Amino acid sequence: ALLALAGAALAARFVIDLGAVAVEVFPGRPTALPTNVAAQAVLGREISLDKAEAMAGFPPALPATLGPPDVVWLDEAEVGPESGDTAVRIVTHWYPLGRDDLPIIAGSKTGAVLMQFEGEWEVASKLVAAETNRFGRAVVDGRDAFWTTGRHELQLVSGSETRRLLVTGNVLIWQDAGFTFRLETALPKRAAIVIAETVQPTIDLG
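Reading the sequence shown from the start, the letters are residues -2 to 203 in this note's numbering.
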């Protein structure tokens, strides 16, 4: 289905639903991209892994191949009409310095960023231009996933506000155990999938 939709992108605007992340593909080129990159502190509150687990109520899912993250952020998005109805997002970050397995993402100091979204609430969206981005289907552990390259916009719900971020890396999005994952690196598709397939542990929200 993703490949069929990708083929129609040059002619029409459409949305791909990936759990907590919606990908909107539109014909043409982007007119104005944001300037904040996705590795800056606009991603939430910087905390330790232990505190992230205690506050979120579930353990952060981490790629075994990358080792412990250098930075962890936690944020919440309002998802319901009642005060306190929120969905948690944990973001883990790895620097590329001293590593041969993580090239630097253009325009940043980042080697990898993994976002873990709780539940099915739509709290993030990607705006992908058909003329300037390459995108299509991928497979992570037998599950359908989405792959895209090229500069584009990411919108994240933080509290009741929406933050616009510039994406300059290659992005892989997939779902597992009631979570949506978004991995950004400068790696090619196959290498990113290898990392994604080592993400562990987490609990099943289903």
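Beta carbons: idealized from backbone N, C-alpha and C, even for Gly.
Every value quoted in this text rests on a predicted model; they were computed, and no experiment measured them.
Residue burial classification, residue i (beta-carbon count within 10 angstroms, cutoff 16)
| i | result |
| --- | --- |
| residue 45 | exposed |
| residue 157 | exposed |
| residue -2 | Unreliable placement is indicated for residue -2, whose pLDDT of 44 sits below 50; the coordinate value is still reported in the next sentence. That one is exposed. |
| residue 182 | buried |
| residue 107 | buried |
| residue 42 | exposed |
| residue 16 | buried |
| residue 86 | buried |
| residue 60 | buried |
| residue 65 | exposed |
| residue 197 | exposed |
Inter-residue spacing [alpha-carbon to alpha-carbon] between residue i and residue j
| i | j | result |
| --- | --- | --- |
| residue 114 | residue 125 | 20 Å |
| residue 172 | residue 142 | 7 Å |
| residue 100 | residue 62 | 15 Å |
| residue 180 | residue 189 | 8 Å |
| residue 34 | residue 149 | 10 Å |
| residue 131 | residue 123 | 13 Å |
| residue 160 | residue 73 | 12 Å |
| residue 93 | residue 185 | 15 Å |
| residue 31 | residue 50 | 31 Å |
| residue 84 | residue 187 | 30 Å |
| residue 167 | residue 98 | 15 Å |
| residue 121 | residue 29 | 19 Å |
| residue 56 | residue 152 | 24 Å |
| residue 154 | residue 21 | 16 Å |
| residue 162 | residue 54 | 27 Å |
| residue 82 | residue 75 | 6 Å |
| residue 209 | residue 58 | Outside the shown range of the chain (-2 to 203) lies residue 209, about which nothing can therefore be said. |
| residue 14 | residue 112 | 17 Å |
| residue 116 | residue 170 | 14 Å |
Proximal residues to residue i (C-beta, below 7 Å), its chain only, five neighbours per side dropped
| i | result |
| --- | --- |
| residue 96 | 108 |
| residue 119 | 17, 19 |
| residue 7 | Low per-residue confidence applies at residue 7: pLDDT is 47, beneath 50, and the placement is therefore not dependable enough to give any value. |
| residue 47 | none |
| residue 67 | 90, 91, 92 |
| residue 52 | 71 |
Neighbourhood of residue i by C-beta, 6 Å cutoff - its chain only, sequence neighbours within 5 removed
| i | result |
| --- | --- |
| residue 129 | 26, 147 |
| residue 103 | 165 |
| residue 70 | 40, 41, 43, 88 |
| residue 12 | 19, 21 |
Distance cut-off 8 Å: residue i Cβ against heavy atoms of the ligand ZN
| i | result |
| --- | --- |
| residue 101 | The ligand ZN is not part of this structure, which contains no ligands at all. |
Taking one C-beta from the region 182 to 194 and one from the region 125 to 138 each time, how about it: are there three or more such pairs within less than 8 Å? yes
Considering only residues of the region 48 to 95, which uninterrupted beta strand (DSSP E) runs meet the minimum length of 3 residues and lie entirely inside it, listed in chain order? 68 to 75, 83 to 91
Let me know the alpha helix (DSSP H) ranges lying completely inside the region 150 to 188, each 4 residues or longer, listed in chain order. none
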